[in-house]
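K.L.:
For the record, the sequence lines run as chains V and G.
Each residue of the first sequence is one higher than the one before, counting from 24 in my numbering.
Each residue of the second sequence is one higher than the one before, counting from 6 in my numbering.
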Amino acid sequence: ETGVTQTPRHLVMGMTNKKSLKCEQHLGHNAMYWYKQSAKKPLELMFVYNFKEQTENNSVPSRFSPECPNSSHLFLHLHTLQPEDSALYLCASSQDLAGSYNEQFFGPGTRLTVL
Amino acid sequence: DAKTTQPNSMESNEEEPVHLPCNHSTISGTDYIHWYRQLPSQGPEYVIHGLTSNVNNRMASLAIAEDRKSSTLILHRATLRDAAVYYCILRSQGGSEKLVFGKGTKLTVNP
Chain V
24 ETGVTQTPRH LVMGMTNKKS LKCEQHLGHN AMYWYKQSAK KPLELMFVYN FKEQTENNSV
84 PSRFSPECPN SSHLFLHLHT LQPEDSALYL CASSQDLAGS YNEQFFGPGT RLTVL
Chain G
6 DAKTTQPNSM ESNEEEPVHL PCNHSTISGT DYIHWYRQLP SQGPEYVIHG LTSNVNNRMA
66 SLAIAEDRKS STLILHRATL RDAAVYYCIL RSQGGSEKLV FGKGTKLTVN P
């Protein structure tokens with residue numbers, strides 16, 4: 024138990040569906056992240072939020088739309104996805120954005136399958 | 006962020022020590038060396054980090070070469086639960102908040 028929860032743990036959706044992934048952290052952290060982990064590929068950073076403000080969008084297609092209503096919650100809204108978007112989506116949080124020693128805590132991920 | 010190189014896979018026997026190497030020949034003076042691991046069906050978890058001196062914590066030890074161009078993560082007594090992918094990552098002091106993951110080393114622990 025890392026203090027970062029993600030729901031749902033598994034999601035199957037069609038290409039025309041709209042769904043949302045939810046992440047919640049109970050650690051009092053200020054920064055939150057979305058990562059994507061595709062089969063046979065390293066984890067890729069998608070978005071970074073700090074104090075609810077987006078600080079980084081790593082050239083992510085607009086069919087992925089993040090939302091951070093407060094420092095404890097992070098959503099990833101999905102619409103008109105492609106089969107190649109099937110992956111494990113991981114949420115993480117850290118105290119702040121200080122890079123050198125700031126440990127990131129990861130949730131268990133949402134396994135997404137796009138049919 | 007500077008690049009790291011790790012073996013794709015390693016094997017160990019239970020209760021034996023494991024030395025996981027990482028090369029980072031282009032490391033800069035302000036880069037910290039971080040290790041994370043990802044157990045099957047879980048998100049990554051922090052293991053340890055260091056700058057110049059060797060570091061120990063409850064999970065592992067980190068041995069850093071004097072020239073800092075390489076480091077070794079040491080698991081003193083491997084257990085089956087240590088089977089995971091281990092990632093060696095460089096993070097610049099005061100720099101990017103990103104964790105740039107490579108492919109890591111997949112550790113198999115044999116009973």
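We put the beta carbon where it would ideally sit given N, CA and C, even for glycine.
What residues from chain V crowd round Gly34(G), counting only those whose CB sits closer than 8 Å?
P.N.:
Those within 8 Å of Gly34(G) in chain V number zero; the least Cβ separation is about 12 Å.
K.L.:
For a contact defined as C-beta to C-beta under 7 Å, what are the partners of Gln77(V) on chain G?
P.N.:
Chain G residues near Gln77(V): none, gap ~13 Å exceeds 7 Å.
K.L.:
What does a CB cutoff of less than 7 Å around Ser109(V) pick up in its chain, not counting 5 residues either side in sequence?
P.N.:
Hits under 7 Å: Leu135, Thr136, Val137.
K.L.:
State the start and end residues of the unbroken beta strand (DSSP E) segment that holds Asp36(G).
P.N.:
Its beta strand (DSSP E) spans residues 36-43.
K.L.:
I need the DSSP call for Arg86(V), collapsed to helix, strand or coil.
P.N.:
DSSP places Arg86(V) in coil when its eight states are reduced to three.
K.L.:
Give a yes or no on whether the minimum CB-CB distance between Gly132(V) and chain G is below 7 Å.
P.N.:
With 7 Å as the cut-off, Gly132(V) counts as an interface residue toward chain G.
K.L.:
Closer than 7 Å, Cβ to Cβ, to anything on chain V: give me those residues from the region 66-95 of chain G, in chain order.
P.N.:
Result list empty, no residue passes.
K.L.:
Looking at the unbroken beta strand (DSSP E) that takes in Thr39(V), where does it start and where does it end?
P.N.:
Neither: Thr39(V) is in no beta strand (DSSP E) and is coded neither H nor E.
K.L.:
Rank His102(V), Glu126(V), Val71(V) by C-alpha distance to the C-alpha of Arg86(V) and give the top, closest one.
P.N.:
Answer by Cα proximity: His102(V).
K.L.:
Does Pro106(V) come out as helix, strand or coil in the three-state DSSP assignment?
P.N.:
Helix.
K.L.:
Can you list, in chain order, the stretches of the beta strand (DSSP E) that have 3 or more residues and sit fully within the region 57-110 of chain G?
P.N.:
With a minimum length of 3 residues, the continuous beta strand (DSSP E) runs that stay inside the region 57-110 of chain G are 66-69, 75-80, 89-97.
K.L.:
Kindly identify the DSSP beta-bridge partner or partners of His100(V).
P.N.:
DSSP lists Ser43(V), Ser88(V) as partners of His100(V).
K.L.:
What in chain G is Cβ-close to Thr25(V), meaning under 8 Å?
P.N.:
Simply Gly48, Glu50.
K.L.:
Let me know if His33(V) comes out buried or exposed under the rule of 16 or more other beta-carbons within 10 Å of its beta-carbon.
P.N.:
With fewer than 16 other Cβ atoms within 10 Å, it is exposed.
K.L.:
In whole angstroms, give me the CA-to-CA distance for Ile69(G) and Met38(V).
P.N.:
In a straight line, the C-alpha of Ile69(G) is about 48 Å away from that of Met38(V).
K.L.:
Let me check understanding here. Comparing Cα to Cα, which of Gln127(V), Gly132(V), Asn93(V), Leu113(V) lies closest to Gln77(V)?
P.N.:
Among Gln127(V), Gly132(V), Asn93(V), Leu113(V), the Cα nearest to that of Gln77(V) belongs to Asn93(V).
K.L.:
When the cut-off is 7 Å and only beta carbons count, does Lys111(G) lie next to chain B?
P.N.:
In summary, chain B is missing from the structure at hand, where the protein chains are V and G.
K.L.:
Let me know the secondary structure DSSP gives Leu111(V) once reduced to three states.
P.N.:
It is a strand residue.
K.L.:
Suppose the cutoff is 8 Å on Cβ atoms and the five residues either side in sequence are ignored; what does the same chain contact list for Glu20(G) look like?
P.N.:
Here the set comprises Arg82, Ala83, Thr84.
K.L.:
Return the CA-CA distance between Thr35(G) and Glu126(V), expressed in angstroms with no decimal places.
P.N.:
Their backbone Cα atoms lie some 17 Å apart in a straight line.
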